[in-house]
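First up is the structure itself, then whatever we jot down about it.
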Amino acid sequence: PQEIIPFAAQLIGHLAAQVCQIADSSTGDDDEDDGTECAAMGSMATIISILQACAGCTDPSDGAETQRRMQLFGSIAESLLPLMGRLLHPAGVDFIDEALEILSYLTFYGPSPIPQSLWLVF
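Going by the numbering used here, the sequence shown opens with residue 789, and the numbers climb by one from there.
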């Protein structure tokens, strides 16, 4: 899991853009939407897995490690803002559990105080 950390922000940014693109391309056809919903769910699960890997810390008492993790989650939060804006509104109700899990990672491991940009998704 530690090997993914240098690429986490960029990878999450691409996955978040993919989920937004899937949401934009939703046609209203139930059969087709089932496939796109599965793809979106897979991307969301991958985002959460990457966040879990980034949250792991080898030594929680290491202040420098904690600072690096806060910076990492701050940059990840910026790339997730468009996606979170979609998921935390009525149209994103199908993914509310995943959205809240992502939000919990961003608020717990991110910079303190919580950045103003993250408050804007509410």
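C-beta atoms are modelled at their ideal positions from N, C-alpha and C, and glycine is treated no differently.
{"Query": "For residue 807, count neighbouring C-beta atoms within 10 Å of its own C-beta (all shown protein chains included) and say buried if the count is 16 or more, exposed if not.", "Result": "buried"}
{"Query": "Nearest by alpha-carbon distance to residue 898: which of 886, 908, 856 and 871 is it?", "Result": "856"}
{"Query": "Short of 7 Å in beta carbon distance, which residues of its chain neighbour residue 873, apart from the five on each side in sequence? Order them along the chain.", "Result": "909"}
{"Query": "Would you please state the rounded distance, in angstroms, between the beta carbons of residue 811 and residue 828? I believe it to be under 8 Å.", "Result": "7 Å"}
{"Query": "Which residue spans inside the segment 815-891 form an unbroken alpha helix (DSSP H) run of at least 4?", "Result": "818-843 and 851-875"}
{"Query": "Short of 7 Å in beta carbon distance, which residues of its chain neighbour residue 918, apart from the five on each side in sequence? Order them along the chain.", "Result": "The chain is shown only over 789 to 910; residue 918 falls outside these bounds and no answer can be derived."}
{"Query": "Who are the near neighbours of residue 796 in its chain, counting only those whose CB is closer than 6 Å to its CB and skipping five residues on each side?", "Result": "838 and 842"}
{"Query": "Suppose you measure from the CA of residue 876 to the CA of residue 882; what does that come to, to the nearest Å?", "Result": "10 Å"}
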